[in-house]
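One structure is given here, and the rest of the page talks about it.
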Amino acid sequence: MASPHIKDPGPASFQQRLEQIRPNLKALNVETQEQRFPRRGDNHGPDIATWRCNLAALSQRRNLLFVAYGCDIYVWIPKGSRQLLGVQPEMIIHPVMKQPQAAGYIDPSAPHIINHIIVDDLGVDEVLLLATDSGNVTGYNVEAIFSEINQCAEFGQKRPFDGIGIKPFFAEYVQKSAWGLATHKFARLIAVSSNTGNITVFAFAMVDLAPEREDSDPSPSHNMESGDDEGEEQIWVKVNKLDHLNAIKHQMPNHRKRNLRMSYKGHFENIPCVSFANFDLDPNGLWMVSTDIFNRVVVWRVWDDLSPIQMSYLGNPHNNPPQRGWFVLPIDPRRVQRHSLKIDACGCQPIPKMMRNRMILNVTTAMDQISEMSVALALRLSRSSVTHRPLPEDIFSPDCFVGPDSRPHYSSSQQDLPQVCGDSQTDLDNTTPRVWLRATPPITDLIEEDNKNSDVHPFELLVPPVLEENDLPTLERIPVHPSKPRFFPLLHFSERDICLAPYPLDAEFQTLCKAPLWQRSYMNEEINAACDRFNMVKYVPELGIVVAASQKGRVAIITITWQEEIGVSFRLDWIVPFFTQEMADERPMVPLLGIAVSPMPGFEIPPDVPCIPRDVDPNEWLEFNYRILNPDNDDQSGDDSATTTSKDASFTKSTPAGQNDSTREQGSQTSNRARNMFDGRPNLTLPEIHAHASDVYQPHETWHGSHPSRHYRLLLMFCDHTVMSYEFWHNWRK
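First residue of the sequence shown? That's 1 in the UniProt record's numbering, and the numbers climb one at a time after it.
Written out as structure tokens, the structure reads:
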């Protein structure tokens with residue numbers, strides 16, 4: 001459901017209002033390397049592959065944690081309220097490779113090292129996908145893993161169980177080191193980006209070829225599952241030319257009887273991230289976005305063209321100073337927290353700035369309002385927590401490109417950040433292992449004080465100046481919202497910055513937060529610079545929250561907001577680890593291996609709709625489900641007005657005020673298609689039916705009535721095997 005509208009609470013202070021509207025967050029536990037793997041004998045824990053993307057993922061339906069160590073997947077069951085992992089996993093999965101002889105890109109001696117894993121929905125199933133350095137991509141059904149663990153435990157087998165009995169539903173090869181992974185639940189799509197500079201989209205067949213009997217029940221869910229039967233090799237129809245796409249376009253996606261393998265070309269550099277608009281506003285999987293290491297954001301229409309429809313830089317129009325793109329995420333415009341005041345929506349008073357006819361709202365000063373945030377950190381390099389692993393060359397270095405003459409001139413990764421000045425390191429060597437500077441004054445005052453002997457004021461690069469007086473007429477001429485927005489918001493993450501474009505196809509207006517995870521640090525600068533990248537992101541649409549981590553070890557918790565004047569924006573609510581945790585020496589000075597987000601045990605998301613009706617009037621079907629899910633209101637089912645209201649609400653109930661152009665037009669068009677299903681117009685596609693079914697199917701959950709929202713957990717997995725865990729939720733009652 002959409003987040004409620006947050007009303008202006010009145011005369012309360014701004015800090016008090018923030019405490020009321022931001023999500024609740026608490027630390028659960030810190031499980032250190034010594035606690036998990038005591039240094040006895042040779043048990044130092046599984047080997048870690050460094051400098052990859054996110055290597056951790058949690059199931060949303062089962063209490064299962066997946067972590068990629070080298071070439072294998074370790075399956076853990078977090079235990080208790082503190083989410084303890086311990087030393088022994090439940091199962092170790094050795095992934096099947098489509099091309100076991102494929103060469104490695106980063107390390108030829110270990111070609112099948114896993115670069116990235118995700119857990120997400122595909123059809124009615126929850127799946128685990130992994131991408132390797134050799135270009136192999138493998139997928140497993142999470143429920144099959146869960147069942148295998150239970151069966152092995154029932155038979156009394158010794159842990160860790162061998163996952164050899166689990167067959168992948170998907171195993172393919174994309175020729176060169178695979179990185180970006182994405183799924184589209186309703187359209188049954190898997191997207192993979194690789195260092196070939198191409199994006200490969202695998203579209204599963206969705207039509208049961210068996211003849212349907214007149215007296216048959218609505219098609220069961222297995223006709224809509226992800227992929228073919230386990231163990232059977234899948235056959236893919238290759239679509240790598242526009243003529244091929246046009247030849248099958250008229251059949252898509254309503255009658256996709258064969259598996260398709262489509263190749264999209266438009267990038268000329270490595271592509272660390274690809275994403276779908278994976279929500280029911282785009283059930284057919286039309287929209288796809290990607291970002292490359294030159295910070296370009298590319299928009300695709302999957303079923304219309306194999307080439308991009310738009311390519312742009314978010315934030316600075318010319319990517320100056322240059323940064324690398326690491327993640328881009330389409331946002332459901334209905335899953336937002338609505339506010340009356342701009343300062344509440346942004347966490348600060350946004351600072352407008354015109355940049356080449358593009359209006360940028362800078363919300364960097366929202367960091368000043370975050371409690372429990374440390375802005376300075378010192379470390380003695382003799383600490384045992386410092387990694388002694390050799391530092392490889394940056395896998396996304398400037399000379400790593402596909403096409404000729406496409407190499408930019410990258411500056412230092414710290415070019416636009418405050419630098420350490422003076423003899424601070426010498427003074428710190430004689431102090432405690434870590435020296436912490438509590439930021440009692442505003443962050444700007446602290447940085448200016450520490451750099452008072454410098455001719456440069458570094459923070460001036462973080463916060464753009466306010467518009468000059470002669471710029472105000474220009475600002476008044478720039479519309480804040482396009483008259484007919486044609487898209488949904490995009491949230492983009494570069495090395496250090498976060499940018500949100502409410503309407504990326506009308507990109508004159510954006511919200512920008514500069515370097516929210518910057519921290520004055522005396523840790524190993526070589527490691528800090530190499531890991532300074534927003535490459536671990538998890539979207540929680542139910543709460544309108546995005547969790548984004550930099551591999552250097554810090555995590556931002558962001559709330560997607562909406563306000564009438566500025567439209568969709570975001571607010572930086574929390575940064576973890578907390579100041580008190582860092583002061584207590586609980587954060588290890590090593591990179592992050594991965595982050596994982598899922599509901600707390602007892603709050604798991606229930607399985608998807610058990611039956612997806614076929615050849616049924618959607619109006620009657622929605623009314624039928626309405627009666628089942630709301631038995632107390634069955635006496636009103638004969639009331640035409642009540643039925644019409646409930647059906648209309650399924651299409652428009654979540655649309656926020658101000659989104660009354662494209663979003664409502666899309667909803668009304670979909671609704672009209674449903675109402676005219678038997679009037680000679682095209683039927684709803686299978687993805688559209690599934691999207692409507694999932695929207696209506698809301699079974700009762702045990703926490704309903706006792707908690708205002710679902711509780712989620714956040715696990716930070718560090719490269720030394722330390723695990724930091726948190727719990728967050730919304731208290732809508734406030």
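Cβ atoms here follow ideal geometry from the backbone N, Cα and C, with glycine treated the same way.
Let me confirm a value: residue i is counted as buried when at least 16 other C-beta atoms fall within 10 Å, else exposed. Which label applies?
| i | result |
| --- | --- |
| residue 60 | buried |
| residue 706 | exposed |
| residue 334 | buried |
| residue 47 | exposed |
| residue 15 | exposed |
| residue 362 | buried |
| residue 33 | buried |
| residue 132 | buried |
| residue 165 | exposed |
| residue 120 | buried |
| residue 304 | exposed |
| residue 39 | exposed |
| residue 56 | buried |
| residue 233 | exposed |
| residue 579 | buried |
Enumerate in chain order the residues of its own chain whose CB-to-CB distance from residue i is below 8 Å, with the five nearest sequence positions on each side excluded.
| i | result |
| --- | --- |
| residue 28 | 81, 82, 83, 713, 725, 726 and 727 |
| residue 581 | 27, 30, 587 and 724 |
Just verifying my parser: in three-state terms, what is the DSSP assignment at residue i?
| i | result |
| --- | --- |
| residue 586 | coil |
| residue 124 | coil |
| residue 16 | helix |
| residue 244 | helix |
| residue 353 | strand |
| residue 36 | helix |
| residue 147 | helix |
| residue 292 | coil |
| residue 206 | coil |
| residue 545 | strand |
| residue 163 | helix |
| residue 366 | helix |
| residue 599 | strand |
| residue 158 | coil |
| residue 693 | helix |
Under 7 Å Cβ to Cβ from residue i, same chain only, skipping five residues before and after it: list those, please.
| i | result |
| --- | --- |
| residue 264 | 198, 199, 201, 300 and 306 |
| residue 160 | 88, 89, 90, 91 and 92 |
| residue 187 | 253, 283, 284, 285 and 687 |
| residue 737 | Since the first and last residues shown for the chain are 1 and 734, residue 737 lies out of range. |
| residue 556 | 516, 517, 548, 572 and 575 |
Apart from the five residues on each side of it in sequence, which residues of its chain come closer than 6 Å, Cβ to Cβ, to residue i?
| i | result |
| --- | --- |
| residue 36 | 87 and 721 |
| residue 49 | 70 and 113 |
| residue 152 | 161 |
| residue 686 | 206 |
| residue 77 | 63 and 90 |
| residue 730 | 23, 543 and 709 |
| residue 332 | 279 and 541 |
| residue 190 | 183 and 202 |
| residue 45 | 37 and 721 |
| residue 703 | 603 |
| residue 147 | none |
| residue 590 | 387, 718, 719 and 720 |
| residue 293 | 269, 270, 324 and 396 |
| residue 171 | 96, 98 and 138 |
| residue 287 | 277 |
Do residue i and residue j have their C-beta atoms closer together than 9 Å?
| i | j | result |
| --- | --- | --- |
| residue 597 | residue 552 | no |
| residue 345 | residue 17 | no |
| residue 236 | residue 53 | no |
| residue 51 | residue 584 | no |
| residue 517 | residue 550 | yes |
| residue 535 | residue 327 | yes |
| residue 715 | residue 64 | no |
| residue 296 | residue 510 | no |
| residue 593 | residue 75 | no |
| residue 613 | residue 693 | yes |
| residue 546 | residue 491 | yes |
| residue 130 | residue 145 | no |
Relative to the ligand HEM, is the shortest distance from any of its heavy atoms to the C-beta of residue i smaller than 8 Å?
| i | result |
| --- | --- |
| residue 89 | The ligand HEM is absent from the structure shown, which contains no ligand whatsoever. |
| query | On the three-pair Cβ rule with 8 Å, is the stretch 602 to 609 touching the stretch 555 to 572? | reply | no
| task | Examine the Cβ distances between the stretch 96 to 107 and the stretch 129 to 136 and report whether three or more of them are shorter than 8 Å. | result | yes
| said: For the structure I just gave you, are there three or more beta carbon pairs, one from the stretch 276 to 287 and one from the stretch 178 to 193, closer than 8 Å? | reply: yes
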